[in-house]
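Heads up: the sequence shown is residues 1 to 120, going by UniProt numbering. All C-beta atoms in this analysis are idealised placements derived from N, C-alpha and C, irrespective of residue type, glycine included. Notes follow once the structure below has been shown.
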Amino acid sequence: MTLLLFIGNLNENTSAETIGKLFETIGEIEHATIITLNARPRGFGQVKMKNFETAYKAQQQLDKYEIDGREIRVDFPEDMNWEDYENWNIDYQPIKSDDKLRLTEQEQNKIQEEIKSIMD
């Protein structure tokens with residue numbers, strides 16, 4: 001189960017990569033995002049951790065951690081509607097050597113049908 005952490009009080013110059021790499025020191029993450037509105041950083045973002053244990057550990061260890069001259073806030077979000085922000089992008093994802101293309105069963109069947117039609 002992955003878990004989102006809210007990251008607040010960010011310096012406007014703090015990048016998603018910086019946040020992502022900081023949280024990777026605690027445990028495996030899926031992505032880090034800086035929330036923007038009209039292409040301007042809003043001073044907060046999110047990190048999606050791989051499991052509850054690392055999310056809890058990150059919250060405990062990194063809340064009030066100073067980065068780029070600001071003491072960040074790390075919390076579990078309370079009913080935050082992330083879809084309200086127009087530039088919700090995954091800004092940073094760690095690169096994994098075992099990343100593979102994963103297709104749904106429907107996508108796999110469609111590809112197999114296309115290959116079969118070409119071969120016939």
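- Following the DSSP letters along the chain, one finds L5 inside the beta strand (DSSP E) bounded by residues L3 to G8.
- When the Cα atoms are used, H31 and L22 turn out to be separated by approximately 12 Å.
- Counting other Cβ atoms within 10 Å of its Cβ, A55 reaches 16 or more and is therefore classed as buried.
- Counting only the Cα atoms, N9 lies some 14 Å from P77.
- Here I118 is exposed, its C-beta having fewer than 16 other C-beta atoms within 10 Å.
- Here the C-alpha atom of L37 lies approximately 12 Å from the C-alpha atom of G45.
- In its chain, beyond the 5 residues on either side, E12 have a beta carbon closer than 8 Å to the beta carbon of R40.
- Here E28 carries a coil assignment [DSSP, helix/strand/coil].
- CA-CA distance, A58 to N109, rounds to 41 Å.
- Exposure of I115 is indicated by the presence of fewer than 16 other C-beta atoms within 10 angstroms of its C-beta.
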